[in-house]
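Okay, structure first, notes after.
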Ligand SMILES: Nc1ncnc2c1ncn2[C@@H]1O[C@H](COP(=O)(O)OP(=O)(O)OP(=O)(O)O)[C@@H](O)[C@H]1O
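In our numbering, the protein residues as written are 351 to 858.
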């Protein structure tokens, strides 16, 4: 097992299991949930991020059967499958009973699989690796400073590094990104950069909390440029990979020229999670040099970070001011409308549909970030396919399938009744008048707005809204069109409707 490449092995397992199971089931279980961790002795360790996934995989013969078969076939002999919840594993916890064997960790980052050989029993986390790289760097710089030149200590052979491809995730494109109020500015800035690299918003600094789509937007820029401008060299790299490359080539390999040449030839540099460079002294300096050289030559730079440059306390002023010199685009948490659109776009991919109240329920309950929302939809799809559900998934099924993912007090679902109550109190009219037949403007206008919102905000069907207002569905259609046009013509109507929407969404 000395040369065992877990990344390649897993790719074959994915390919093989895909042939053995219904595509939908494969996509919603094996391909999206499992993270290969290591192969030790006679077992393969596979990580998941939630206990229920472990249960679903282990207990379902339609999933565990093909998985076991493929693993054994590709390995050439039987391997016990051990599924573990990686979020419950503490960094220093021994991950093997056997004690001293070498553990191969596969880090599922976007770029090439990284095999990190670490002596068991201590499992190495990404941040451990980063720390140790930085320690080596610091040690080398110390020896350089002390003796004025590089000490001739024996160094391991430099690793051959392939940076000839761009590491872009193909599915992260502008077309697959749902734009809404919370991300319209970064979305627009990203499109502008993609259409005109090097000439506008340089560097583009995409900032926001975890899971809101920063990486997606950055890859979308890269994919767009490659499609429309194939002559440009695009490099997409995590700050961790930048650091590893620097250490391998410059620190261990003493091939600084090679390193600089690689980066000198880039037209578009996309660096994810730049905040990790904040404390890495040597790498930070090299990054500054690379960054300056590219900017001076009008090459495009895009950075993502969950920390604003002004809050990166360890960053030197010269780098901070360089980061701030371009455009900082902030991603906010998506509002309800955008979340509903995201849920629908994920469901489209799976070719599965939910009733409106089920969609609203998911979008309402999982508001933390898009990654969490995606996880909930994937889980729902997984549970539905395991039960061979056909037709629209309804509210009750959705609620029970996602029940244990909801840790806080469930949020009350936005419904037609909720909108009717809110609109009548917003305009200080009685609910009976909102629902009644009086045609005076002070009742008719709020009534039409309420009808419009039931359609626009929670996507209820016209017949359902009609029933709730005891009207014909053509009346609802008319109200919807009237308010839509009125909002375009009259800024005051637009302001009122948006104000109600924000308040209903909990943002006002
Ligand atoms: N507006 C959106 N439309 C469609 N998908 C989205 C959107 N926002 C986020 N996603 C999806 O959510 C997931 C998480 O997004 P992403 O990895 O880009 O987040 P991030 O902000 O870079 O998070 P982190 O800081 O943790 O790296 C991805 O699968 C991405 O495609």
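All C-beta atoms in this analysis are idealised placements derived from N, C-alpha and C, irrespective of residue type, glycine included. The structure displayed is predicted, hence computed values, not measured ones.
Terminal residues of the alpha helix (DSSP H) in which residue i lies
i	result
residue 589	589-596
residue 413	411-425
residue 531	Here residue 531 belongs to no alpha helix (DSSP H), and DSSP marks it neither H nor E.
residue 773	766-776
residue 565	564-578
residue 547	Here residue 547 belongs to no alpha helix (DSSP H), and DSSP marks it neither H nor E.
residue 841	841-854
residue 787	Premise fails: residue 787 is in no alpha helix (DSSP H) and is neither H nor E.
residue 671	667-674
residue 728	720-736
residue 779	No alpha helix (DSSP H) contains residue 779, which DSSP labels as neither H nor E.
residue 753	Counting along the chain, residue 753 falls outside any alpha helix (DSSP H), and DSSP gives it neither H nor E.
residue 366	356-370
residue 814	812-818
Anticipated Cβ contact below 8 Å, residue i with residue j, distance rounded
i	j	result
residue 621	residue 582	The Cβ separation is near 16 Å, so there is no contact.
residue 730	residue 748	6 Å
residue 393	residue 422	Not confirmed; about 12 Å, so no contact.
residue 569	residue 519	5 Å
residue 677	residue 551	4 Å
residue 697	residue 727	7 Å
residue 370	residue 416	4 Å
residue 662	residue 564	Rounded, the Cβ-Cβ distance is 16 Å, inconsistent with contact.
residue 585	residue 619	5 Å
residue 629	residue 664	5 Å
Cβ-based burial, residue i [other Cβ within 10 Å; buried from 16]
i	result
residue 356	buried
residue 639	exposed
residue 571	buried
residue 704	buried
residue 800	buried
residue 500	Here residue 500 scores only 39 on pLDDT, less than 50, and its place in the model is too uncertain to base an answer on.
residue 789	exposed
residue 791	exposed
residue 365	exposed
residue 753	exposed
residue 648	exposed
residue 824	exposed
residue 740	exposed
residue 845	exposed
residue 372	exposed
residue 840	exposed
residue 367	buried
DSSP bridge partner residues for residue i (one or two, in chain order)
i	result
residue 388	395
residue 557	655, 680
residue 646	Per DSSP, none; premise fails for residue 646.
residue 380	Paired residues: none, contrary to the question.
residue 586	620
residue 430	393
residue 743	704
Residue-chain proximity (residue i, chain D), Cβ-Cβ < 7 Å
i	result
residue 668	Absent from the structure is chain D; it holds one protein chain and no more.
Residue i Cβ short of 6 Å to ligand 2 heavy atom set
i	result
residue 670	Ligand 2 is not part of this structure, which contains only ligand 1.
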